[in-house]
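First comes the structure, then the notes that go with it.
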Amino acid sequence: MAHPAAPTHAAGASAASESSEQTGLWSWLTTVDHKRIGVLYLYTALFYLMVGGLEAALIRTQLAKPNLHVVSAEFYNQLFTMHGTTMVFLVVMPLSAAFFNYLIPLQIGARDVAFPRLNAFSYWVYALGGLFITLPIFFSVAPNGGWFGYAPLSGPTYSPGFNMDFWVLGLQILGISSLAAAFNFITTIINMRAPGMTLMRMPMFTWMSFVVQFLVVLAFPVITVALFFLQFDRFFGTQFYEIGAGGDPLLWQHLFWIFGHPEVYILILPAFGLVSEVLPTHSRKPLFGYNVMAYSGIMIGFLGFGVWAHHMFAVGMGPVADSIFSVATMLIGLPTGVKIFNWIATMYGGSLRFPTSMKFAIGLIAMFTIGGISGVMHSSPPSDMQQTDTYFIVAHFHYVLYGGAMMGIFAGIYHYYPKMTGHFMSETLGSWQFWLNFVGLNLTFFPMHFSGMLGMPRRVYTYDAGQGWELFNLMSTVGTYMLVLAGIIFAVNFFRSRNRGPLAGNDPWGAPTLEWSIPSPPPEYNFAEIPEVTSRYPMWDLKSPERTAGIQHSHADSATIADAHAVPMHEETVRKTAKELGIPMPFNTFKPFCVALGIIIMLSGLIVLHSGHFALAMTTMLGGTAFMVGSLYAWLTSPLE
Amino acid sequence: MTVSSAAAAAPGAHEAHEHQHYTTTGLDNRKVAIWAFIGSECMLFASLISTYLIYKGRSVVGPFPHEAWTSPSGQKFGAILNIPVTSASTFVLLMSSLAMVLALAAVENKGKPGYEGLLGSSKFWLFATAAMGATFLGFQAYEFTSFVHEGLTIKTNLFGSSFFTLTGFHGTHVAVGVLWLMSLLFMDMKRGLGPKDTLIVDICALYWHFVDVVWIVIFTLVYLIK
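This is the structure:
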């Protein structure tokens, strides 16, 4: 397929002339530039996607036929636990974070996030925490109690080994990263918008990210507390999850799912935001029902806190609680349905193009709808009683997370790759990847509905022949191999196109928002001059005003602009250095990395404690704490720019 | 509301920080962030307090917070919580909030009439706030030690686990606040804090008051209500 819009000029070609601080390993370890941190998130998360994908491939190989023993049962437990943990915490959330980092400042017309060094800290905590929780699998001591680590199963009595120690501490570490990032992005979106960029003019991706940050801020403290209880039970002998001492076996489940259900929306809303950027661009038509799209995102986030116990219908909470949570869950179908219909209405009557990003975006609409509908099915407790803990549930959440979140993220990668690198990805390889993905994911996950309905429990190590599960399992395994192949094609495309892809100009897709007004890749300061925003679609106002004629505008009038640097909307084509323009840039710094490392060392002390070396454990913990506090003080007392 | 009127509504923000960048709301970024942080902390303490309340009365062995208990082996334990002592430490912590307010006022109005001498000194009030916070921590250390001597540890029963975890988390927050105040005090001694430093003291004050409010909730729900 031809590229929809030929590059208008080759501003991206001059990207190589960066200052010396912008190259080399040290510059990556010390960077505080939101775009470079976004790229770090992207590469790291794609690495973990490979890890999580290999784990999935091993799981499916083990289940290809009845009574196989490809891996041991114990290792299988580690595989499914780490597959879930990796994909949720190390892949989908950080891929979303890659886009938060890269796009939010560009979309709202800012030069960086509110706290650039805190941003670097978030990334390093994630990267080091990811290693902390992933490396044990090479020593066969990876977490093995399921990705939602139900206590008391994950407590000291039933999981005495080191395995769940790594899970408890690893999640605690990753939570720090998410929380720090959320405070940063909330502040950025509230406080760093360009003049004229009102909330109701923000691009839909920024809107959905805004909602997600509030979900993180309110949901993560709950799992933090649940993990602290588990940590204290495991390391200090408390009795929070000890049933014999009167502990409530549902305490963990409630705390976990009060976090866990908003987490579902933390995973999906950024993908919703990305396709809300892709669809209008390639339909060449404004997003249908912008206000309702924003409100429905808020509604989803709000209702997301009131439905956690639908994960627990099988525990016997009684008819009143079951009914309330069932109705609340069905309610969430409304704002989500609104989004689906608005995307379809955005395309309706548009002048459509189908580059790979558009294929993935439409793929999300279709696949997420299937997952959404099976979700409504088990919002009904009687129906859920048949489906809970079977492969039907596995089918459901892979349709929403792979068919939804990952499809949306792939749409985002293909859409924003030209902005990030200055080059297009190959559309031919993109098409191959999309269709293999599309067929592969349906072949993998659709048969799971049937194996689940026939009673196949999730997480089961193997199964006997003659229960009607063989064909469905074989199909799922073949489908998984197709997904692996699609992943390899994506990797080839991703790395080859960085230098070989055709050049993309500022605005390769003819897209409507601010990030397309600046060169690709953007200069370190993003905007040489902060533009004044007068509508939701500034770039279309500039280039194809007929598309935005029906949308409310304010007049560009420099006299009313609060910031003296703001200028009327324009496209930036000349690339100068920050120095030439007199824009102060934050210093690179290694201190956020040191603080992150200190936290990891401090918490590793607890693993040492578990191994019985009291003195060494205390040394590690106190040493880590001292290193963290010292680095933190050095950070806080050194100037930003 | 237009951007310009939002910025005009908070002119002080620009005066106080000459080097501060333009912001949409006119507020400093750090001020917005601390409110988001406090929102998050609310959920942290809500989870801890809820767990304490859910586990109230569920311990299968004593000692208990408000009732005496005789163990199967005949050993007698009194009610654990010592309300008079904790009332005293609560009073100290509440008074520290007053000192914090005065410290902020002293920084904000440094050099103005009415802010002379010891009672107008930000150093004195920052020190007083930190000292009262430290006194509260001293009371807590005494309380924890005496409970352990009376036979209640974090391992004894659900009450011990949830009580020590909840109050321990609060105490850790107080300790962080004391360190923060001492750092401000150190800056004040080294270079002197003035009106342009209002913001950094204000942020610390918001945190400090929040930690105080949480203690009022804990004191009421854990100590006063039987």
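First to last, the protein sequences are chains A and B. Heads up, this note's numbering is the position in the first sequence plus 546, with the first residue counted as 1. Heads up, this note's numbering is the position in the second sequence plus 11, with the first residue counted as 1. A virtual CB, placed ideally from N, CA and C, is assigned to each residue, including glycine.
1) Any C-beta of chain A sitting closer than 9 Å to the C-beta of residue 180 of chain B?
2) What are the boundary residues of the alpha helix (DSSP H) that includes residue 1173 of chain A?
3) For my contact list, residue 960 of chain A and residue 903 of chain A are in at a C-beta cut-off of 8 Å; report their separation, rounded to the angstrom.
4) Closer than 8 Å by beta-carbon distance: list the chain A residues that pair up with residue 118 of chain B, in chain order.
5) Residues of chain A with CB under 8 Å from residue 38 of chain B, in chain order?
6) Go through its chain and collect everything with a Cβ distance to residue 1169 of chain A's Cβ below 7 Å, but skip five positions before and after it.
7) Applying a beta-carbon distance threshold of less than 7 Å, which residues of chain A neighbour residue 193 of chain B?
8) Give the single residue among A:623, A:1183, A:1149, A:1179 whose Cα lies nearest to the Cα of residue 722 of chain A.
9) Under 8 Å, CB to CB, which of the residues in the stretch 592–624 of chain A have a partner in chain B?
10) What three-state label does DSSP hand residue 81 of chain B in the structure shown?
11) Could you please tell me which residues of the stretch 1007–1019 of chain A, in chain order, have their CB closer than 7 Å to any CB of chain B?
12) Looking at residue 606 of chain A: is its Cβ nearer than 9 Å to the Cβ of residue 929 of chain A?
13) Secondary structure at residue 905 of chain A, three-state DSSP: helix, strand or coil?
14) Out of curiosity, what's the CA-to-CA distance linking residue 155 of chain B and residue 911 of chain A?
15) Please report the distance separating the alpha-carbon of residue 826 of chain A from that of residue 683 of chain A.
16) Sorted by chain position, which residues of the same chain lie with C-beta nearer than 6 Å to residue 576 of chain A's C-beta, five sequence neighbours on each side aside?
17) From the DSSP output, which residues share a beta bridge with residue 1122 of chain A?
18) Using 8 Å as the threshold, is the stretch 1079–1086 of chain A in touch with the stretch 999–1012 of chain A, meaning 3 or more CB pairs across them?
19) Looking at the structure shown, is residue 831 of chain A part of a helix, part of a strand, or coil, going by DSSP?
20) For residue 773 of chain A, which of helix, strand or coil comes out of DSSP?
21) For residue 771 of chain A, which residues in chain B fall below 8 Å Cβ to Cβ?
22) Whole alpha helix (DSSP H) runs in the stretch 600–668 of chain A with 4 or more residues, listed along the chain?
23) Going by other Cβ atoms of all chains shown within 10 Å of its Cβ, with 16 needed for buried, is residue 871 of chain A buried or exposed?
24) The alpha helix (DSSP H) with residue 1064 of chain A in it runs from where to where?
25) Using a cut-off of 9 Å between C-beta atoms, extract the partners of residue 1087 of chain A located in chain C.
26) Counting along the chain, where does the alpha helix (DSSP H) carrying residue 789 of chain A start and finish?
27) If the criterion is Cβ atoms closer than 9 Å, does the pair residue 801 of chain A and residue 768 of chain A meet it?
28) With DSSP run on the structure shown, which of helix, strand or coil describes residue 96 of chain B?
29) Identify which residue in A:689, A:720, A:694, A:1122 has its Cα closest to the Cα of residue 706 of chain A.
30) Return the first residue and the last residue of the alpha helix (DSSP H) that residue 149 of chain B is part of.
31) Output the distance between the C-alpha atoms of residue 226 of chain B and residue 882 of chain A, rounded to the nearest integer angstrom.
32) List the residues of chain B that residue 660 of chain A touches, going by C-beta distances under 9 Å, in chain order.
33) Looking at the secondary structure, which residues open and close the alpha helix (DSSP H) in which residue 983 of chain A lies?
34) Step through the CB atoms of chain A and report whether any lies within less than 9 Å of the CB of residue 52 of chain B.
35) Count the other C-beta atoms from every protein chain shown that fall within 10 angstroms of the C-beta of residue 613 of chain A, then say buried if there are 16 or more, exposed otherwise.
36) According to the neighbour-count rule (16 or more other Cβ atoms, all chains shown, within 10 Å of its Cβ), is residue 212 of chain B buried or exposed?
In this structure, then:
1) Yes, contact with chain A.
2) For residue 1173 of chain A, the enclosing alpha helix (DSSP H) starts and ends at 1160–1183.
3) 4 Å
4) The contacting residues do not exist; residue 118 of chain B stays about 18 Å from chain A at best.
5) 737
6) 1147
7) Those do not exist, as residue 193 of chain B stays about 12 Å from chain A at its closest Cβ, beyond 7 Å.
8) A:1149
9) none
10) strand
11) So nothing in the stretch comes that close.
12) No, the Cβ-Cβ distance between residue 606 of chain A and residue 929 of chain A is not below 9 Å.
13) Look at residue 905 of chain A here: in three-state DSSP terms it is helix.
14) 57 Å
15) 43 Å
16) 1134, 1135, 1136, listed in sequence order.
17) Looking at the DSSP assignment, residue 1122 of chain A forms no beta bridge with any residue, so it has no partner.
18) The stretch 1079–1086 of chain A, when compared against the stretch 999–1012 of chain A, does not touch it at the 8 Å Cβ threshold.
19) coil
20) In the three-state scheme derived from DSSP, where H, G and I count as helix and E and B as strand, residue 773 of chain A is classed as helix.
21) 55, 58, 59, 62
22) 619–631, 639–654
23) buried
24) Unbroken run through residue 1064 of chain A: none, as it is neither H nor E.
25) Absent from the structure: chain C. Protein chains present are A and B.
26) First-last for residue 789 of chain A: undefined, no H or E at that position.
27) yes
28) helix
29) A:689
30) 133–160
31) 40 Å
32) Residues of chain B passing the Cβ test: 34, 40, 41, 43, 44.
33) Where residue 983 of chain A is concerned, the enclosing alpha helix (DSSP H) stretches over 973–999.
34) yes
35) exposed
36) buried
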